[in-house]
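The next block holds one structure in the form of structure tokens; read it before the comments.
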Amino acid sequence: MSQKRKRVEVDLTGDSDQEEAAPPQRAYRSSNIPFGGYRSIGGGSTHPAAERSDWLAADDVDDMNEIVGSTQDGAHGSEELRLYGELASKIVGIQYYRGVANAGEHILIRREPGNPYDSNAIRIDNVAGIQIGHIPRKVAEKLARYIDNRWLRIEGQLAGEKGAFDCPVTLNLFGPNPDTHEGQQLRERMRNDKLPITALTAAEKEAKKREKERQDAAKKRAAEEKKRLAEARRAAAGGKGGSIPASQGQYANQHTPDGNGEAVMADILEASQRISPRDFRVDLEQMGMNEDDLASMPMASKPNSIKTDMLPYQLQALSWLLSQESPQLPGLGGPSDSVQLWTKSRDGYTNLASNYSTREPVLASGGILADDMGLGKTLEMISLIVADAEKFGRGTTLIVAPVSVMSNWTTQVEAHVNENSMLKVFTYHGANKASNMGADDFKKYDIVLTSYQTLASIYMPGGKNAKQPERKLRATGLYSMNWRRLILDEGHCVRNPQTKGAAAVYALRSRSRWVLTGTPIVNSLRDLYSLLKFVGITGGLNQLEVFNSVLVRPLTNGSESARLLLQATMRAFTLRRRKDMAFVDLRLPKLEEFVHRIDFTENEQKRYEALNVEAQGLLKDYKHLSDGGNKTLGTYNHVLEILLRMRQCCNHWGLCKDRVSKLLAQLGDQKTVALTDSNVKALQTILQVQIESSEECAVCLEVLHQPVITACGHAFGRACIERVIEGQQKCPMCRAPLKDVQTCLVEAANEGGDEGADDEVDLNQSSSKLEGLMKILGASKGDSKTIVFSQWTSFLDIVGTRLESSGFKFCRLDGTMTATKRDEAIAALNSDPETTIMLASLGACSVGLNLTAANNVILCDTWWAPAIEDQAVDRVHRLGQKKETKVFRLVMNGSIEERTLDIQADKRKLMMMAFSEKANKRSAPKAGRIADIQRLLA
1 MSQKRKRVEV DLTGDSDQEE AAPPQRAYRS SNIPFGGYRS IGGGSTHPAA ERSDWLAADD
61 VDDMNEIVGS TQDGAHGSEE LRLYGELASK IVGIQYYRGV ANAGEHILIR REPGNPYDSN
121 AIRIDNVAGI QIGHIPRKVA EKLARYIDNR WLRIEGQLAG EKGAFDCPVT LNLFGPNPDT
181 HEGQQLRERM RNDKLPITAL TAAEKEAKKR EKERQDAAKK RAAEEKKRLA EARRAAAGGK
241 GGSIPASQGQ YANQHTPDGN GEAVMADILE ASQRISPRDF RVDLEQMGMN EDDLASMPMA
301 SKPNSIKTDM LPYQLQALSW LLSQESPQLP GLGGPSDSVQ LWTKSRDGYT NLASNYSTRE
361 PVLASGGILA DDMGLGKTLE MISLIVADAE KFGRGTTLIV APVSVMSNWT TQVEAHVNEN
421 SMLKVFTYHG ANKASNMGAD DFKKYDIVLT SYQTLASIYM PGGKNAKQPE RKLRATGLYS
481 MNWRRLILDE GHCVRNPQTK GAAAVYALRS RSRWVLTGTP IVNSLRDLYS LLKFVGITGG
541 LNQLEVFNSV LVRPLTNGSE SARLLLQATM RAFTLRRRKD MAFVDLRLPK LEEFVHRIDF
601 TENEQKRYEA LNVEAQGLLK DYKHLSDGGN KTLGTYNHVL EILLRMRQCC NHWGLCKDRV
661 SKLLAQLGDQ KTVALTDSNV KALQTILQVQ IESSEECAVC LEVLHQPVIT ACGHAFGRAC
721 IERVIEGQQK CPMCRAPLKD VQTCLVEAAN EGGDEGADDE VDLNQSSSKL EGLMKILGAS
781 KGDSKTIVFS QWTSFLDIVG TRLESSGFKF CRLDGTMTAT KRDEAIAALN SDPETTIMLA
841 SLGACSVGLN LTAANNVILC DTWWAPAIED QAVDRVHRLG QKKETKVFRL VMNGSIEERT
901 LDIQADKRKL MMMAFSEKAN KRSAPKAGRI ADIQRLLA
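For the sequence shown, UniProt numbering assigns the number 1 to the initial residue and increments by one for each residue that follows.
Structure representation (structure tokens):
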């Protein structure tokens, strides 16, 4: 038996240019439709598979999955992956394998470092995971180290038909931004190894040409602007300001400290700027059916057991849901007759995306219901459960949801289903989570509810980073059941396919699978990949490397064929309707959004400017260190921390603390800090800044999932850093010793990301923003109710003290509260006419709540990722809202907040277009945020 390979340590310090084995990456097994489920025209060879099983000890198989995986999902780079060159080669040894392959088919490229005949071996599979052959030995000898060190990402397509012994293949070599240190090193290596970089040089020549054209156009525009400015100075000027002037006194509305003075809503609106922040209609939604097609969809009959009068668009959704659960393979025809991207040919079926062929592919049963928030997705899914039961008999549906919205399903079932045919609902969570329950127990119910956390804890018990053995996992509990259907509520919770939560839902068994989300794409098109993988897309698109190759990267480069492919994918799996579509006809009251600008007082301006100067210096230091290739994480954390203080200063100077600066200074002197109460709070503040900034986990390079921060000040996803600590007991970023996960990791303050009470803040001190807020609240008195959102509970404490002294009755909802207290707060808002204000944290209120009792929204602070704000507003302006809704964004003049609005607008356009992959995984997200920071401090 061969020896087990030496354990590979994860070291992300970047101190050495020496070749290293790549960081291990766990390759979770796919969802309920594995590639082995294809009934392929040709199966894999039994001899090579048996031979390979002798290379590895039985207990080393998982290790192989972790390290080998796909080509290079963790490739290094700086700004984005660029095509360096194309290498014409061939696949050899195909006579020993029976993997089906067609000309133009996308292939999977996998390293086989354990191959006893060639440690540089590079294996080629088709998208069904069946081996075709190997890359020639001499080519593999050159490319293996590029793969192992994550220097290149290599993708390929078959360049012709298979012969008796070999098959032509084109290998595309992708690398980091060539202008970076890494890119320059890579270019030199490739030249020395005589690897092609012709695509890169051609692209650079074209880029220089475009840059010259841009500079010429800019000079021309500047000359024209100079001429117009001279003409304007000669003309008379005048106009009305759009802010609350500071000259009225210490604060903008000093004469109305309780908000009860002369201010009326007309004055507030006159001093505010009307905006339409979400008015981008050319977006990803257009990649699905257009509005005319959606309006003409057939309607189903309302199920007899549903007592609620369903709207026409909801009955159309029911018809679509029923048809999606029973898809049929297409007959002979062209691409327009495809079903889930499969087209019929004489010999079988071919996938439009990957060009893979098989006799009878497996079709996914289910899809993504991505209607706007507030259109009734819950009712539509309940009607599906009832309609299917009336036609085919009862089956059990498992619904996975965030804890905060689980009770909503029970309430909605009771509200919409007739009593004489009421669905039996069981909540498998907390005290009701009996480990000995099995399939026979679950079959007694129509619906079983559980949470993502519960599911993940069953899949990987005790915080371990390996799932239970298959036999034990399937013996009892949720994994013992083959469900009629699975429903993921707020399904974007599993948009990162590398998290425990995603792995846990992939492993469930069911006949149909559904995702409910109003935001199918939060950060990038890759979010859509995770949802499609769960639903069960086949043909290769459930492999991330194929998804990137056929969709993400071509879309980034503006490929029209990729755009059409995305359109076909969206049509096949997704239903998305917006509230503003004419045929939806919600008759929602008008939504108006305003930016309300406020001036600093003289003292506030001095405090803010001092922070601004400090931030400029820190950013300059960071860029200087970064350009020199030095480690810069400490300085980067300083930049994020000073931005946090600048934002807090815009709300109230008392929120600014120096505890984080003191902790960062400690970390500069020593590798780790003791986890005292004050240090834990400071670390949680740093972690919260990283979460708000959409930082990536440095191990898996995805947006932080179950975020934690180490005692040395580095943020990771919990699953990733636990695996590293258990393996090597040191931080992969700085090599600081980390003995165990219990004593060196700090979690976010709570599920909403809210900090606890801060005794250092003087709750009776006012600020310009507080006075502006009180003015709006005073003008809103009457039959209106208002939600006041802030990211900081300490600011809500200050607002609450002021409301109490001014005689307002209010309730509060934030992440520090228990579920019972939250329910009481919502009940007060809904039922108590004297409770006219709710103070709410964005983190706790962006998901799963109905706040239609209010009709005014005030956003006290902003940040550059707008999705959470939009979700919070949609909790108020949704189905059930009876009054016109006004949204006020409070912005301090001449501050970071004004420039944040510009960045938000760009993010919305980018997000809605959704055609650009998040630059290169290792450095590009941070590079993008540094560009944002430069704009903020400009």
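Virtual Cβ for every residue (Gly too), placed ideally from N, Cα, C. On a predicted model such as this, the values are computed, not experimentally measured, just so you know.
Asked                                                                                                             : Found
CB contact flag (Pro469, Glu884, <8 Å)                                                                            : no
Whether Phe789 touches Cys712 by CB criterion (8 Å)                                                               : no
Simplified DSSP state of Val613, which is helix, strand or coil                                                   : helix
Burial state of Leu544, where buried means 16 or more other Cβ atoms lie within 10 Å                              : buried
Spatial neighbours of Leu318 in its chain, beta-carbon cut-off 7 Å, leaving aside the 5 residues before and after : Ala300, Glu380, Ser383, Leu384, Ala387
Trp409, DSSP secondary structure in three states                                                                  : helix
Candidates Gln340, Glu360, Glu390, of which the one nearest Gly367 by Cα                                          : Gln340
Under 8 Å between C-beta atoms of Leu449 and Trp483                                                               : no
For Leu851, the three-state DSSP class (helix, strand or coil)                                                    : coil
Rounded separation between Gly241 and Ser831 - CA only                                                            : Per-residue confidence for Gly241 stands at a pLDDT of 39, beneath the threshold of 50, marking its modelled position as unreliable; no derived number is given.
Extent of the continuous alpha helix (DSSP H) to which Ile135 belongs                                             : Run containing Ile135: none; DSSP gives neither H nor E here.
Neighbour-count burial assignment, Val613, 16 or more Cβ in a 10 Å radius                                         : exposed
Pair within 8 Å by beta-carbon distance, Gly727 and Cys697                                                        : no
Backbone secondary structure at Gly782 - three-state DSSP                                                         : coil
Validate contact between the region 570 to 580 and the region 352 to 369 using beta carbons, cut 8 Å, 3 pairs     : yes
Which listed residue (Trp320, Val413, Thr519, Arg474) has its alpha carbon closest to that of Asn436              : Arg474
Beta-carbon gap between Val699 and Glu641 smaller than 8 Å                                                        : no
Heavy atom of the ligand PLP within 7 Å of Gly133 beta-carbon                                                     : Questions concerning the ligand PLP fall outside what the structure shown contains, since it holds no ligand whatsoever.
Nearest-angstrom beta carbon gap, Ala840 and Asp823 [assumed within contact, 8 Å]                                 : Actually they do not touch by this definition, with Cβ atoms about 14 Å apart.
Length of the line joining the Cα atoms of Thr411 and Met422                                                      : 12 Å
Buried versus exposed, by CB contacts within 10 Å (16 or more), Tyr117                                            : exposed
Bridge partners - His106, DSSP secondary structure assignment                                                     : Gln157
The region 544 to 563 touching the region 158 to 168, judged by at least three CB pairs closer than 8 Å           : no
Cβ pair count under 8 Å reaching 3, the region 479 to 498 against the region 425 to 443                           : yes
CA-to-CA distance, Gly114 to Asn651, given in whole angstroms                                                     : 59 Å
Rounded distance between the beta-carbons of Leu363 and Leu508, thought under 8 Å                                 : Actually they are not in contact, since the Cβ atoms of Leu508 and Leu363 sit about 19 Å apart, beyond 8 Å.
Run of the beta strand (DSSP E) containing Ile94, from where it starts to where it stops                          : From DSSP, Ile94 is part of no beta strand (DSSP E); its letter is neither H nor E.
For Thr676, three-class secondary structure by DSSP                                                               : coil
Best match in Gln791, Gln314, Leu675, Lys739 for proximity to Lys579 [C-alpha to C-alpha]                         : Gln314
Val515 versus Ala503, Phe534, Leu525, residue with shortest Cα-Cα distance                                        : Phe534
Residue burial classification, Asp585 (beta-carbon count within 10 angstroms, cutoff 16)                          : exposed
Expected contact under 8 Å - CB spacing of Ser272 and Phe594 to nearest Å                                         : 4 Å
Local Cβ density within 10 Å of Phe392, reported as buried at 16 or more and exposed below that                   : exposed
Strand pairing of Thr450, partner residues [DSSP]                                                                 : Val400
Rounded separation between Pro504 and Pro497 - CA only                                                            : In the sequence as displayed, the identity of residue 504 is Ala instead of Pro. For Ala504 and Pro497, the distance between alpha carbons rounds to 10 Å.
For Gln706 and Asp62, the rounded distance between their alpha carbons                                            : Annotation note: pLDDT 33 at Asp62 (below 50); position unreliable, no value reported.
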